[in-house]
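Enquirer: Its first residue numbered 1, the sequence shown is counted upward by one per residue in the UniProt record's numbering.
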Amino acid sequence: MNASTALDFPAAVARRLSPRTLAFALPMLAPLVFIGGLGFGGALGASPTAKVAILTTTAVMGLVILVAVVIADEAVDRGAPRLPNYAMAVVLGAIGGALLGWELREALGLPFELPGSKVVLPAHHPEFYRLCQMAIGILVGGLATFVHVTRRTALAARRRQQEAERARAVAGRRTLESQLQALQARVEPMFLFGTLAHIRGLYRSDARAAGAMLEDLIEYLRAALPHLRESTSELGQELKLVRAWLDIMGRSLPGLRFEIDAAPAAQGARLPALVLLPLVQHAVARPGTNGPRLRIGVTASGARLHIELLSGNDAFGAGIAGVALLEQIDERLRVLYGEQARFEAGPAQPAGSRAAIELPLLRASADDDPQGDAP
1 MNASTALDFP
11 AAVARRLSPR
21 TLAFALPMLA
31 PLVFIGGLGF
41 GGALGASPTA
51 KVAILTTTAV
61 MGLVILVAVV
71 IADEAVDRGA
81 PRLPNYAMAV
91 VLGAIGGALL
101 GWELREALGL
111 PFELPGSKVV
121 LPAHHPEFYR
131 LCQMAIGILV
141 GGLATFVHVT
151 RRTALAARRR
161 QQEAERARAV
171 AGRRTLESQL
181 QALQARVEPM
191 FLFGTLAHIR
201 GLYRSDARAA
211 GAMLEDLIEY
221 LRAALPHLRE
231 STSELGQELK
241 LVRAWLDIMG
251 RSLPGLRFEI
261 DAAPAAQGAR
271 LPALVLLPLV
281 QHAVARPGTN
291 GPRLRIGVTA
301 SGARLHIELL
311 SGNDAFGAGI
321 AGVALLEQID
331 ERLRVLYGEQ
341 ARFEAGPAQP
351 AGSRAAIELP
361 LLRASADDDP
371 QGDAP
């Protein structure tokens, strides 16, 4: 233990000895020593003066044992061996508490009676009784310390388990974001090259339509490129990306009809990248009998963000299970938000299908996400 650590040790012990700790532990420990010293029958039958005298000495013993155990707690947390430190704390606490308690009793002028006796003893109490008090303190203090250490060890193991789970969750999020960025690196060029090839072919038949589609592609790239490698975005940015993509697809799918209705309060909400657009692409890829029809509704209620996609076809009708894209999105939201995220898909009434996402409402400028790491 270096000098700075040694100087910090008393302050650390003082922090552990909070009034709450003393108020909780001392009233429990002192009566145990008191009853152990007199016996249950003696504790009930002793005179009031004897009860006050014994309770004074045992309260002091309980306090000294408590302080000694707290010192042992701090020493063990700093790497000291557990068993020797707690054993020494109980033994020294019981010895010191018995001696100090007896001196305090004498200083207060409290007479003492042996259990079952009405004779008031002189101030020099027999030494064997002090030894008995020490032995009782060691036994009762040792039992209380065993319970304390067992509970403390269980709590420490639980904290370590929670920290390990948190570390695994953080590692899982980072792995997922790396996979997402790799997916973005593959998907964006494929979409870009496919759209350019379509524009090239369209120029041969309808130059005006090809020019309009090129303008839509430029608008899409303006929305996508600045955030291409980011794993998190905001709702307004994602909706702009979706609208630009739908405008492009509308050139090749004349029957495509879509509506986007987003509450102004939700525009700046945080949203993981590549969640909303893949759902839209999934819905458009399965047109209904009258062409693709899609409605996106976004609302903010309290501290929750609600996103609903209504499709005129059965793109989401089978639910999440068994649909790779929907399962991936569901897994990603659970990794990022845990139990705070809700994602469901199924049939819509009276026709079509729907997908709904519910997330914590976080602003894009927020520093922390609900799991302690930005999604």
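Beta carbons: idealized from backbone N, C-alpha and C, even for Gly.
Taking L362 as the reference, which of V67, E234, A164, A87 has the closest Cα?
Expert: Of V67, E234, A164, A87, the residue nearest in Cα terms is E234.
Enquirer: Mapping the DSSP letters down to three states, classify V323 as helix, strand or coil.
Expert: If DSSP states are grouped into helix, strand and coil, V323 belongs with coil.
Enquirer: Using DSSP with H/G/I as helix, E/B as strand and the rest coil, what is F343?
Expert: If DSSP states are grouped into helix, strand and coil, F343 belongs with the strands.
Enquirer: Which partner residues of H306 appear in the DSSP bridge assignment?
Expert: H306 is bridged to T299, E358.
Enquirer: Return the chain-ordered list of same chain residues with a C-beta closer than 7 angstroms to the C-beta of V64, the five sequence neighbours on each side being excluded.
Expert: Around V64: G93, G96, G97, L100.
Enquirer: Could you name the residues of the same chain whose beta carbon sits closer than 8 angstroms to that of F40, not counting the 5 residues immediately before and after it, in chain order?
Expert: Annotation note: pLDDT 41 at F40 (below 50); position unreliable, no value reported.
Enquirer: Between A197, G142, T56, which has its C-alpha nearest L104's C-alpha?
Expert: Out of A197, G142, T56, T56 has the C-alpha closest to the C-alpha of L104.
Enquirer: Take A75 as the anchor and find which of F9, I260, L143 has the nearest alpha-carbon.
Expert: If we check each option's Cα against that of A75, F9 comes out closest.
Enquirer: Compute the distance between the beta-carbons of L294 and L359, then report whether it is under 8 angstroms.
Expert: No, the Cβ-Cβ distance between L294 and L359 is not below 8 angstroms.
Enquirer: In this structure, how does DSSP classify P254 when only helix, strand and coil are distinguished?
Expert: In the structure shown, P254 sits in coil (DSSP, three-state: anything other than H, G, I, E or B).
Enquirer: Output yes or no for whether 8 angstroms exceeds the beta carbon distance between A355 and A341.
Expert: Their beta carbons are not under 8 angstroms apart, which means A355 does not touch A341 by this criterion.
Enquirer: So if DSSP puts T232 in a beta bridge, which residue, or which two residues, is it bridged to?
Expert: For T232, which the question treats as bridged, DSSP gives the partners P272.
Enquirer: Measure the C-alpha to C-alpha separation of G142 and R78 and round it to an integer number of angstroms.
Expert: Taking the straight line from one Cα to the other gives about 22 angstroms.
Enquirer: Under 8 angstroms, Cβ to Cβ, is there at least one residue of chain C near T49?
Expert: Here chain C cannot be found, since the structure has a single protein chain.
Enquirer: How big is the Cα-Cα spacing for A107 and A68?
Expert: Using only the alpha carbons, I get a separation of about 24 angstroms.
Enquirer: Whose C-beta lies closer than 6 angstroms to the C-beta of G317 among residues of the same chain, with five residues either side of it excluded?
Expert: Cβ within range, chain order: P347, S353.
Enquirer: Where does L294 fall in DSSP's three states?
Expert: Strand.
Enquirer: Do R257 and M213 have their CB atoms nearer than 8 angstroms?
Expert: No, Cβ-Cβ distance for R257 and M213 is not below 8 angstroms.
Enquirer: Are I218 and R243 close, meaning C-beta to C-beta below 8 angstroms?
Expert: It is not a contact, given that the beta carbons lie outside the stated cut-off.
Enquirer: Which partner residues does D261 have in the DSSP bridge list?
Expert: Bridge partners of D261: G297.
Enquirer: So A197 and Y203 are in contact, right, with Cβ under 8 angstroms, and what is the actual spacing, rounded?
Expert: With 8 angstroms as the limit, A197 and Y203 do not qualify as a contact, their Cβ atoms being about 11 angstroms apart.
Enquirer: Expressed to the nearest angstrom, what Euclidean distance is found between the alpha-carbon atoms of G62 and N85?
Expert: Using only the alpha carbons, I get a separation of about 18 angstroms.
Enquirer: Where does R363 sit, in a helix, a strand or coil, going by DSSP?
Expert: Strand, per DSSP.
Enquirer: In whole angstroms, give me the CA-to-CA distance for A351 and W245.
Expert: If I take the Cα positions, the gap works out to 25 angstroms.
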